[in-house]
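A.B. asks:
In this note's numbering, the protein residues as written are 3 to 160.
Rendered as structure tokens:
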């Protein structure tokens, strides 16, 4: 099994970027309480791990595309990534709508990390859906065929 980045199609690249972005934004500030900022790892008990796994599913599509010679497995994984992106979007929307109870005074505001997570979580199902629809195989990976043209035999009936 060889790893070749030329096999990855455009929407698989986008899917990997959104998935890695969702994982990375878990370390950014999601909420602001008086005197400090709180990232997703500090604010949640299990949601952060679920979002990290859902982001890893999106990255796995590009890894599968780079390691497999056909587009069948990446397209099948794109269906799973679409579902994972929808679940991630619902989770992030719920956390954007209702802030967690992490401050004794209840004065919690939303920070930029939450909105970036929303962008990444929406981008995952969109890129996965487009990746499923993309059936072409990258040009550098297409086999080079030498086709020999044969002459037709002379027509015996004439």
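Positions of the beta carbon are idealized from the N, C-alpha and C atoms, including for glycine.
Here the structure is a predicted model, which is why all the values come from computation and not from measurement.
Do you know how far the Cα of residue 135 is from the Cα of residue 71?
C.D. replies: Cα to Cα, residue 71 sits roughly 18 Å from residue 135.
A.B. asks: Out of 15, 10, 9 and 5, which one is the CA nearest neighbour of residue 129?
C.D. replies: Among 15, 10, 9 and 5, the Cα nearest to that of residue 129 belongs to 15.
A.B. asks: Secondary structure at residue 50, three-state DSSP: helix, strand or coil?
C.D. replies: DSSP places residue 50 in helix when its eight states are reduced to three.
A.B. asks: Between which residues of its own chain and residue 89 is the CB-CB distance below 7 Å, once the five residues before and five after are set aside?
C.D. replies: The residues are 56.
A.B. asks: For residue 126 versus residue 67, is the C-beta distance shorter than 8 Å?
C.D. replies: Taking 8 Å as the Cβ cut-off, residue 126 and residue 67 do not qualify as a contacting pair.
A.B. asks: If you draw a straight line from the alpha carbon of residue 34 to that of residue 99, how long is it in whole angstroms?
C.D. replies: Cα-Cα distance, rounded: 15 Å.
A.B. asks: Using a Cβ-Cβ cut-off of 7 Å (strictly less than) and excluding sequence neighbours within five positions of residue 83, which residues of its own chain qualify?
C.D. replies: Around residue 83: 17, 59, 60, 63, 126 and 130.
A.B. asks: Determine the closest residue to residue 5 out of 123, 156, 65 and 31, with distance taken between C-alpha atoms.
C.D. replies: Minimum Cα distance to residue 5 is reached at 65.
A.B. asks: Which residues bound the alpha helix (DSSP H) around residue 70?
C.D. replies: Looking at the DSSP string, residue 70 is not in any alpha helix (DSSP H), and its letter there is neither H nor E.
A.B. asks: Tell me the DSSP bridge mates of residue 34?
C.D. replies: Paired residue(s): 39 and 111.
A.B. asks: Could you check what DSSP says for residue 133 in three-state terms: helix, strand or coil?
C.D. replies: In the structure shown, residue 133 sits in a helix (DSSP, three-state: H, G or I).
A.B. asks: Given a threshold of 16 other Cβ atoms within 10 Å of its Cβ, counted over all protein chains shown, does residue 37 qualify as buried or as exposed?
C.D. replies: So residue 37 ends up on the exposed side.
A.B. asks: By the 10 Å Cβ neighbour count, where 16 or more other Cβ atoms means buried, how is residue 91 classified, buried or exposed?
C.D. replies: Buried, because 16 or more other Cβ atoms sit within 10 Å of the Cβ of residue 91.
A.B. asks: Please determine if the segment 107-117 and the segment 26-33 are in contact, where contact requires at least 3 C-beta pairs separated by less than 8 Å.
C.D. replies: These segments touch.
A.B. asks: Pop quiz: residue 95 and residue 120 are said to be a contact at Cβ under 8 Å. What is the actual Cβ separation, rounded to whole angstroms?
C.D. replies: So it is a contact: roughly 7 Å between Cβ atoms.
A.B. asks: Can you list, in chain order, the residues of its chain with a C-beta nearer than 7 Å to that of residue 45? Leave out the 5 residues immediately preceding and following it.
C.D. replies: Counting only Cβ-Cβ distances below 7 Å, and skipping sequence neighbours, we find 32, 33, 102 and 104.
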